[in-house]
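Chains A, B, C and D are the protein sequences, given in the same order. Last residue of the first sequence: number 438 in this note's numbering, and the count goes up by one each step with no gaps. Last residue of the second sequence: number 438 in this note's numbering, and the count goes up by one each step with no gaps. Last residue of the third sequence: number 438 in this note's numbering, and the count goes up by one each step with no gaps. Last residue of the fourth sequence: number 438 in this note's numbering, and the count goes up by one each step with no gaps.
Protein chains: 4
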Amino acid sequence: MPASYAYLGPEGTFTEVALRTLPEAATRELVPYVSVQSALDAVRVGEAEAAFVPIENSVEGGITTTLDELVAGQPLMIYREVLLSITFALLVRPGTTLSDIKTVTAHPAAQPQVRNWLKAHLPEAVWESAASNADGARLVQEGRYDAAFAGEFAAARYGLEALETGIHDSPHNAQTRFVLVGRPARPAARTGADKTSVVLWQRDDHPGALRDLLGEFATRGINLMLLQSRPTGAGIGHYCFCVDAEGHISDRRMAEALMGLKRICLQVRYLGSYPRADADTAELGGRFPGTSDEEFVAAAEWVARCQDGRF
Amino acid sequence: MPASYAYLGPEGTFTEVALRTLPEAATRELVPYVSVQSALDAVRVGEAEAAFVPIENSVEGGITTTLDELVAGQPLMIYREVLLSITFALLVRPGTTLSDIKTVTAHPAAQPQVRNWLKAHLPEAVWESAASNADGARLVQEGRYDAAFAGEFAAARYGLEALETGIHDSPHNAQTRFVLVGRPARPAARTGADKTSVVLWQRDDHPGALRDLLGEFATRGINLMLLQSRPTGAGIGHYCFCVDAEGHISDRRMAEALMGLKRICLQVRYLGSYPRADADTAELGGRFPGTSDEEFVAAAEWVARCQDGRF
Amino acid sequence: MPASYAYLGPEGTFTEVALRTLPEAATRELVPYVSVQSALDAVRVGEAEAAFVPIENSVEGGITTTLDELVAGQPLMIYREVLLSITFALLVRPGTTLSDIKTVTAHPAAQPQVRNWLKAHLPEAVWESAASNADGARLVQEGRYDAAFAGEFAAARYGLEALETGIHDSPHNAQTRFVLVGRPARPAARTGADKTSVVLWQRDDHPGALRDLLGEFATRGINLMLLQSRPTGAGIGHYCFCVDAEGHISDRRMAEALMGLKRICLQVRYLGSYPRADADTAELGGRFPGTSDEEFVAAAEWVARCQDGRF
Amino acid sequence: MPASYAYLGPEGTFTEVALRTLPEAATRELVPYVSVQSALDAVRVGEAEAAFVPIENSVEGGITTTLDELVAGQPLMIYREVLLSITFALLVRPGTTLSDIKTVTAHPAAQPQVRNWLKAHLPEAVWESAASNADGARLVQEGRYDAAFAGEFAAARYGLEALETGIHDSPHNAQTRFVLVGRPARPAARTGADKTSVVLWQRDDHPGALRDLLGEFATRGINLMLLQSRPTGAGIGHYCFCVDAEGHISDRRMAEALMGLKRICLQVRYLGSYPRADADTAELGGRFPGTSDEEFVAAAEWVARCQDGRF
């Protein structure tokens, strides 16, 4: 197994910053790839031990490229997630002032986050899209644009300086969620504040079909954290559902919910159980009556005693 | 263990006839008791191996005396059920004709079944209640009444003859269900056409509480065959629920449903799993998608493989 | 319309005491009938304006005789309910002492309430059943028995004295619920603390059928207060359900729930909406989010605006 | 009101072709806009009567740009939908043969649909993205690329010829759904085969919250055709749901479902009811027991009669 992690490059983006927050990243070679697909393929073919890619952000919701890769093809599993707050710096060549700026660039995904700032401070500036925020910074370094929106960390790499930092339009802190994806193996150990990801295909389509499917979680006191529909490829109106649910496959309630889904769905793809990145602030699962591991174990023991006639 | 079965007496009633349809009754001493309570107490104190009592009929529904005995006190378990079609004969002393009959008697429970017949054929006859149908026949033998409604089988015992047979008002064949009740032990073996009886106490009372409780059966494709509320003794409006559900505790779907009930209920009392008396005509369970034993086993194995990362 | 109320007699029973708590009873002639059936028939044929009968008690649950009369035959409606706490007095001829008592009597329904007291204080006394508690008192007056359990109020009527009062085995105060039943007319006015009674027949029997039926109440935040199954007469295992639910048919949530039941049930019989007898202690309905009349009205207005394209 | 329809340009794309299938398009001026946002803004500010934009396709699912515009900002309503099967032609300058092609272009959305064809027939060709398929065709005309994937209809406009037609990778016919969006007004008339679109915001997040929300459709027999989560802007993990459901707001079942959603949701945005583009092949709604308009009307009348005591 190569001791390398593939990630969505280029270097100097938020993805790399997020990846470096993982302790295990310090001991791996970190290799940028040009696309989510190529990073995940590197894992599939054994070029990389794991891939680190964005999967959800507070502006776009689920990142469909990543979800579609996980939904189809050779199975992969999620082992870790990282949440990164995204704020932009306005990077310029040293000496540039605000009034010098006629052109700005960044990855199109940055635009919704800086639009209001731009309108307020640089109403006349012309926007052109770059292939990545890092690439935008490089183009400023090369003199192609006057300024780039990028992570503040990119300034040093490209010899730029940050004229402004902490730029983000959203009243709520913009966040992106990244996942570390590998080939199927034993899931990450249960921490008590975990998340489980699955893809669900309905057996048939009738009133209540999706409600019943979600009921497998609900009746066991499991909260949902993401529900993202993705086309199955069978034509318009045909969807599967990417679901993130609160808890670990080793939690009894989750194991039983997954069993229930497996029984009633056409297909279920397990994408892993892994520690929640927001474990410090999260309310923990199993807090609804009758859904703790202890209650599941006690109930199973009671049924076993009934089956033996001892009670 | 005494090789005797207690039953709700006296001799010569439908209960005894029903009991004698059980093959195992041939090898036991059959002992009549004056009440359901006394017959069940005989089991509880070890005087009898089992008790045979009525539990449901097509006129009264659940027999509350029997249900209340099973709901409270030292736990008992149901091992067998018997369905008996109830039709009455009009028993008279030999030589009596219809026009001779001025007084008729029977147990009060018989009245709803013969009322229309009586109105049509003996509109002037005076009805008086007897302690049992067998006792009514005895009183006719003694000359106290002119005729008794009872099972045709009682004629021989009391030296009477049946002036009319097959009397039953209900357009549908009147039936009574009897159960053989013993101390808790291993349930009757699964036959594939079984019934499971439980008593359920809700944890609390809120909109949807009872619906959610029934949902534990419904989401696993389990049909209900009886739902009878009984007072808990905590005052008016406080009920527990006697439930008969389709299937055996060894069926995976039933075991999981019982676990679910155990988790969400204040209390669950298991009353046994036993062969359905109507197995020949019944549609079998597990016929809903995703609820067969095979699908439960496959789903459990799939979850286990996911937990190991092998899929 | 005759200004008379039929009630389950004889005079001097708890039923009469309960009936006299209704202000309107003061202006009617109160006529005892020998049975629930005959009292209700008096209403059906126009002999009485209304009938007052027991419908539920804390020992027996729903009174099946009454429920079966309401379920079948010419429709009737409930207009009032009364809750009466039931405690017994031990009535004897003046001069009788506890040690003189060899025989006791009362209606069989009294037995579960006095059994423990009897065992503790008169373990040797022989019990024989009477047709009613009032009749038991009369038989003591006539010297047929030494003592009768009855309401303390019966002592004066029969020239007896109460050797003991406040007898009731149940740790919780035993209560009986009575209803005033008339021919169908406009329901009792809404008070804000009401109860609605219906009988429900399922369209077919499949897993979840009863759950879905109860769901019509649950999804509209309506609490259930009684669910009593009664045989439909179509043979064993065929039941309809007598339901008491919290709220008035004029409450929007209840009207919509009844509409839902009407649509999905084979048949629904409306038995009336009437003030709760426990209004002083009850939590009121409509306290669940989205279920108040105001929210129903607002939602209906919103849909109407959408249908007009004004929003 | 200007008699013009804005549409997502440029001219000569699938969007224009789809728009021209609407009879009413023949009497309007059709004005291309550079983005979905600008086309919808043209409606909002009154520059255009309506806008025609893609909303869902069989590869991408819901088009998030369009959904996000409908979810937020000044309310808009959908009046029509069009389904268009998407197949590509390979357009070249006259005389070009397959072996001449070194470079190909098209809008990035075309890539998933032609990837396999490209690998099989032009494995060496270099792909570069164009701003639109029409723009790609223009660039071929100008000699910048050798071939463009576009609709066959674009050939004539740009003086190109189709070397190959009917290209689509998906085994199922690729389709795009377009909608005609205007300012809020009376919805399109009910045809009996309609679709209703809404956006739902949950009141709070707890296990079962989304299930209960979908239950408002399910309990009224309403099928869902699209469920697409979109970020609310309140940070990661906060979603609203764009739902397409079978039926018209004038259908009783739909009106009641919308009322239910309005009551239990934090917010509901009605996006319109309009004829289904697949009406010829669709199974119609209201085919589940108890959900037809007739049954709703009958149930409402029954409740009204109960409220009056006439039944």
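Here a beta-carbon is modelled for each residue, glycine too, at the ideal position from N, C-alpha and C.
Which residue wins for smallest C-alpha separation from residue i, given the options the options?
i              : options                           : result
L225 (chain D) : D:A233, D:E208, D:H248 and D:R347 : D:H248
S162 (chain D) : D:L135, D:A233, D:A178 and D:G139 : D:L135
W444 (chain A) : A:E187, A:G348 and A:S356         : Nothing can be reported for residue 444 (chain A): it is not among the residues displayed for chain A, which extend from 128 to 438.
R439 (chain A) : A:L146, A:S256 and A:G342         : Because chain A in this structure spans residues 128 to 438, residue 439 (chain A) falls outside the shown range and cannot be described.
T418 (chain C) : C:R347, C:L194, C:S259 and C:L341 : C:R347
V424 (chain B) : B:D378, B:A178, B:V395 and B:Y397 : B:D378
S165 (chain D) : D:T303, D:D420, D:T192 and D:E143 : D:T192
L393 (chain B) : B:V219, B:T214 and B:Y366         : B:Y366
V267 (chain D) : D:Y285, D:A252 and D:E279         : D:Y285
E410 (chain D) : A:D195, A:G342 and A:D332         : A:D332
L287 (chain D) : D:V308, D:G364, D:G263 and D:D296 : D:G263
E291 (chain D) : D:P221, D:G188 and D:P150         : D:P221
T214 (chain C) : C:Q201, C:A289, C:E174 and C:V158 : C:A289
F368 (chain B) : B:V395, B:E279 and B:E343         : B:V395
Y132 (chain D) : D:G374, D:S212 and D:E156         : D:E156
Check whether chain D comes within 7 angstroms of residue i, counting only Cβ atoms and requiring the distance to be less than that.
i              : result
Q302 (chain A) : yes
M381 (chain A) : no
S377 (chain A) : no
E422 (chain C) : yes
G374 (chain C) : no
F438 (chain C) : yes
Flag residue i as yes if its beta-carbon sits less than 7 angstroms from any beta-carbon of chain B, otherwise no.
i              : result
A178 (chain A) : no
C369 (chain A) : no
L167 (chain C) : no
Taking only beta-carbon atoms, is residue i less than 7 angstroms away from chain A?
i              : result
M386 (chain B) : yes
A409 (chain D) : no
A426 (chain B) : yes
M204 (chain D) : no
A312 (chain B) : yes
F415 (chain B) : no
Under the DSSP definition of a beta bridge, which residues are partnered with residue i?
i              : result
E410 (chain C) : None; E410 (chain C) has no bridge partner.
M204 (chain B) : B:G309
T323 (chain D) : D:A372 and D:S400
T230 (chain A) : A:V253
S131 (chain C) : C:E156
C367 (chain D) : D:R357
V163 (chain D) : Paired residues: none, contrary to the question.
A169 (chain D) : Answer by DSSP bridge pairing: none, since A169 (chain D) is not bridged.
S212 (chain A) : A:Q302
W328 (chain D) : D:Q394
I294 (chain C) : C:F215
F423 (chain A) : Looking at the DSSP assignment, F423 (chain A) forms no beta bridge with any residue, so it has no partner.
G188 (chain B) : B:N184
L351 (chain D) : D:A372
Check whether chain C comes within 7 angstroms of residue i, counting only Cβ atoms and requiring the distance to be less than that.
i              : result
V430 (chain D) : yes
G362 (chain D) : no
R338 (chain B) : yes
Establish whether the CB of residue i and some CB of chain F are separated by less than 7 angstroms.
i              : result
Y401 (chain B) : Structure shown: chain F not included; protein chains present are A, B, C and D.
* Contact set between the stretch 392-407 of chain C and chain D, restricted to residues whose Cβ is under 7 angstroms from the partner -> Y397
* Check each residue of the stretch 254-271 of chain A: if its Cβ is closer than 9 angstroms to any Cβ of chain B, include it; give the result in chain order. => none
* Mind checking the stretch 181-192 of chain A against chain D and listing, in chain order, the residues whose C-beta falls within less than 8 angstroms of any C-beta there? => E183, N184, S185, V186, E187, G188, G189 and T191
* Touch test, the stretch 227-239 of chain C against the stretch 258-278 of chain C, Cβ-Cβ under 8 angstroms, three pairs minimum -> yes
* Quick one, which residues of the stretch 345-357 of chain A are near chain D if we go by CB-CB under 9 angstroms, in chain order? -> A345, T346, R347, G348, I349, N350, L351, M352, L353, L354, Q355, S356 and R357
* Near-chain B residues of the stretch 312-332 of chain C - C-beta to any C-beta below 9 angstroms -> D332
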